[in-house]
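> Protein sequence lines, in the order shown, are assigned to chains A and B.
The numbering used here puts the first residue of the first sequence at 151, with every later residue one more than the last.
The numbering used here puts the first residue of the second sequence at -13, with every later residue one more than the last.
Quick reminder that beta carbons are idealized off the backbone N, C-alpha and C, glycines included.
A quick note: this is a predicted structure, and the numbers were derived from the prediction, not measured.
Can you keep this structure in mind? I'll have questions shortly.
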Amino acid sequence: MPAGVALTLVSLLVGWLALAPARRRIGTLGYHLAAIPVGLLGWVVCSAAAMALGVGFGWLLVIVGLAAWVALVAGCTLWVTRSFGEPHFAKVPWWSYIVVLGVLATFSWAVATAGITAYSADGWSQYVPDGMVMSEIGKTSGRALGHRMVLLTAVHAGYFALGGEFPYVIHPVMGLVTAGLLFAGVWWAAARSSRLVRGALAAIVTTLLVSNAVYLFMSLYIHSHMITAMYILAAIVATGRAVGWLGRERAGSSTEPTWLVIAGLATAAVVLARPDGAAYSLIPFAVAAAVLVRVRAQAAEVDAYFAPLVGTSALVTAGAMAQTGVWESDKLPGIVLLAFIGAQAMVWIALRWLSGRDTNWLARGTNAVRAIVALDVPVLLVVWRRAGEQGVAAVQNMTANLLSQGGYRFVWPYAAGVLGMSVALRPRTTRNPYTAYVLFAIVQFFAVALAVHALTHPGRLGWGDSFNRVAFHILPVVYLYAGLYVSELVAAVTGQRD
Amino acid sequence: MAEESPTDRTTTSRRADVVTAAIALVLFAAISLYQVWDLRAAVTDFDGWWAFFKPVYPGDDFVDATLDAEQISNWHVYYRSITVTTAARRIAEGRIDALYAPERLYLTWGTRADDPTDYDRPGLRDVSLEGLSSRAVIWNDYDPVLPDELIERWRSEGRVTDMEWKAAAVSPDEPESEFVIHTDMDRTIVYVVPASLSPLEVE
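Written as structure tokens, this is what we have:
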């Protein structure tokens, strides 16, 4: 079996096992869709162990590492759901396992057979050899951690451990899962419509994403972009499902903590995916924090999101630091990563403290989002002042790339059109509360990007510019937003409402 | 004038929503049509989609991947290092335990080629060899040049596999994981020789 197919199926199996105790809490579709993102994250635990012990990905380490990951996720899910009543979904049908297994095996085998991929020096000279070295001797370096972080290196290391030579198959698989998450997100968003309309809406929006040249390219590209985009979308969809605004099981009155666990894991993956991952993790992080405040989450619900997030980030960082110490880097020094994880833990404590208190104003409407935006503004002003001319250059390059030079064709004018239209033309009676949170996620992405690029490097014109590629990370969320918006419109036209 | 009842207000509000939504849906459909042009581009101009770096088909072959990578002349040392270490891994059927290389690495390449980009005879790079072999390189002070007759014998026995970037792998009878880097008299081709076949005595 080609190593890429084996990596896909092993990751699927790990995800299935890790989420098995909670499968009836998240339903068949959610269970199968979350399996690959949760399973792929298991390889990062193998990396943490390999780095801490200074050994390669031998069979024993891989089996123990993945088994430990299954036990951690399953245990965490069981723990956080212990006081949340009985599962509300029917048993996951046996045939659905065969369908998912068949689709992923066929797809990954087709990619492996075609041999199709795309890469630049970042891929062949860093992401690929870093994974090879991790797999063979469990070694890393401050430079590798500071420039590439751990997640994709760990996934590639899994590929090498399974006998491969050039890890390319998993990237299109992540593209497929991203498309699946978008389809499901829109399907759940359109819960008020008939099954036929829901399916049509989800299919149309997903087609718009997968017909996008950038999506097609990123599905092949050996880099951290597709994995980051997949986990950001997974975190946003999981948070929406947790609170019931995607779907109609709870409609914002309570949460399903299993989805919060998945959102926390996906946010941790964003932290570990890139040197700027910690900064971009603030997008799903801020959405989840605002949602938890909005639904007046209990302490157990706050734990459900933050324990996997802080726990996974801290575990992997500890593994890396056991080998390299607090590494120095011109991109992501170890001390900055530690500060981010510490800040996440502080927010965890703060939200736990708030959970037992009267938060009437903050919990009303989108006030929590407004509060975060109010915090963003002074931060961005300080960043702007400090960046000086570099900030202006960064903004010029960012906008010129997105609108004309970066090869996105009509994508960002399209996105701007949908965003503008959704603010100007919006039915009142069929509004989904989550639309505001997803719009906030998109705005927050650009705020973070501005801060990162104004302060670090202003970039250059052309597709290869860092921000131009990073802009893809939020694109699936833009399409999710379009799906949410159109489902509101359709519900208004067809007269369906809650 | 009679006051508007709550029912009337709801009906008016609902009608306004339907009109708003209908207009928005038409606009959404109209701008989405432009998006579909990207699909057309992907089908009709697959190789020119978005990026300078085009989709390529190396499959699970790291050496083939170097042929499709950026062809910048002073990067050929990386590609040759990838080829040498990949050859060793293929023979070892796994990781490399030791890769003996001459301390004077320049002994493995000859004088400059006629090609001004030095394309024909790329050298090797010490840090690349170390990194790409997972730190298996052992530097040793030896002359890496092999006698022609030995190379000819290996070739006649079918042990030699010529690879890209002027590299060649010599196959042992059984897989082994320790190797010595050699070259020919002209210092044109770098040979990855299993330790059991190398004339160099290694511990």
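#1: Is it true that the CB of A/ALA268 sits closer than 8 Å to the CB of B/LYS40?
#2: To be precise: take each residue of the region 266 to 279 of chain A, compare its Cβ to all Cβ atoms of chain B, and keep it if any distance is under 8 Å. Which residues remain?
#3: Just checking: is the beta-carbon of B/ARG81 within a distance shorter than 8 Å of some beta-carbon in chain A?
#4: Using a Cβ cut-off of 9 Å, which residues of the region 38 to 55 of chain B contact any Cβ in chain A, in chain order?
#5: To the nearest angstrom, how far is it from the Cα of A/VAL164 to the Cα of A/LEU251?
#6: Flag B/PHE165 as yes if its beta-carbon sits less than 8 Å from any beta-carbon of chain A, otherwise no.
#7: Cβ of B/GLN21 less than 8 Å from any chain A Cβ?
#8: Going by the beta-carbon positions, is the gap between A/ALA440 and A/ALA518 smaller than 8 Å?
#9: I want to know whether the region 214 to 225 of chain A touches the region 435 to 451 of chain A - three or more CB-CB distances under 8 Å.
#10: Looking at A/TYR318 and A/ARG649, is the spacing between their C-beta atoms short of 8 Å?
#11: Assuming A/ILE412 contacts A/ALA184 (C-beta within less than 8 Å), just tell me the rounded distance between them.
#12: I'd like the span of the beta strand (DSSP E) that includes B/HIS168, first residue to last.
#13: Identify which residue in A/VAL305, A/LEU301, A/ARG174 has its Cα closest to the Cα of A/ALA240.
#14: Look up B/ILE58 in the DSSP assignment and say whether it is helix, strand or coil.
#15: Please state the DSSP three-state secondary structure of A/VAL205.
#16: Span of the beta strand (DSSP E) holding B/ASP148?
#17: Looking at A/SER637: is its Cβ nearer than 8 Å to the Cβ of A/SER343?
#18: Verify the CB distance criterion: does B/ASP159 have a CB-CB separation below 8 Å to chain A?
#19: Go to B/LEU85, then tell me how far its beta strand (DSSP E) extends in each direction, as first and last residue.
#20: Since B/ILE17 meets chain A, which of its residues come closer than 9 Å, beta carbon to beta carbon?
#21: Bridge partners for A/ALA267 per DSSP, in chain order?
#22: From A/ILE624 to B/PRO185, what distance separates their C-alpha atoms?
#23: Between B/ARG121 and chain A, is the shortest Cβ-Cβ distance under 8 Å, so that the two count as touching?
#24: Less than 7 Å between C-beta atoms, sequence neighbours within five positions excluded: which residues of the same chain meet that for A/PRO171?
#25: Could you compute how far the alpha carbon of B/MET(-13) sits from the alpha carbon of A/GLY515?
#26: On the premise that A/ALA449 lies in contact with A/ARG520, defined as a C-beta separation below 8 Å, what is that separation, rounded to the nearest angstrom?
#27: Against chain A, does B/VAL63 count as a neighbour if the rule is that its beta carbon must be under 8 Å from one of theirs?
#28: Could you check the C-alpha separation between A/PRO434 and A/ILE491 for me, to the nearest Å?
#29: According to DSSP, simplified to helix, strand and coil, what is B/VAL155?
#30: Mind listing the chain A neighbours of B/LEU11? Cutoff is C-beta to C-beta under 8 Å, in chain order.
#31: Name, going along the chain, the residues of the region 571 to 591 of chain A whose beta-carbon falls closer than 9 Å to a beta-carbon of chain D.
#32: Between which residues of its own chain and A/ASN650 is the CB-CB distance below 6 Å, once the five residues before and five after are set aside?
#33: Which residues of chain A have a Cβ atom closer than 9 Å to the Cβ of B/GLY109, listed in chain order?
#34: Excluding the five sequence neighbours on either side, which residues of its own chain have a C-beta within less than 6 Å of the C-beta of B/GLU79, listed in chain order?
#35: Is the number of C-beta pairs between the region 473 to 484 of chain A and the region 302 to 314 of chain A that are closer than 8 Å three or more?
#36: Let me see if you follow: with CB-CB separation under 8 Å, is B/ALA8 close to chain A or not?
This is what the structure holds:
#1: yes
#2: ILE266, THR267, ALA268, TYR269, SER270, ALA271, TRP274, SER275, VAL278, PRO279
#3: yes
#4: PHE38, PHE39, LYS40, PRO41, VAL42, TYR43, PRO44, GLY45, ASP46, ASP47, PHE48, VAL49, ASP50, ALA51, THR52, ASP54, ALA55
#5: 13 Å
#6: no
#7: yes
#8: yes
#9: no
#10: There is no way to answer for residue 649 of chain A, as the model of chain A reaches only from 151 to 648.
#11: 5 Å
#12: 164 to 169
#13: A/ARG174
#14: coil
#15: coil
#16: 146 to 149
#17: yes
#18: no
#19: 84 to 88
#20: PHE560, PRO563, TYR564, GLY567, VAL568, MET571
#21: First, the residue type needs correcting, since residue 267 of chain A is Thr and not Ala in the sequence shown. Partner(s): B/VAL42.
#22: 58 Å
#23: yes
#24: ALA224, THR227, LEU228
#25: In this prediction, B/MET(-13) scores a pLDDT of 48, lower than 50, which makes its location untrustworthy; the coordinate-derived value is nonetheless stated afterwards. About 36 Å.
#26: Not really, about 24 Å apart at Cβ, beyond 8 Å.
#27: no
#28: 15 Å
#29: Per the sequence shown, the amino acid found at residue 155 of chain B is Ala instead of Val. Three-state DSSP puts B/ALA155 in a strand.
#30: VAL636, LEU639, VAL640, VAL643
#31: Checking the listed chains, one finds no chain D in this structure; the protein chains it contains are A and B.
#32: Residue 650 of chain A lies beyond the range of chain A shown here (151 to 648); nothing can be said about it.
#33: Those within 9 Å of B/GLY109 in chain A number zero; the least Cβ separation is about 17 Å.
#34: PRO161
#35: no
#36: yes
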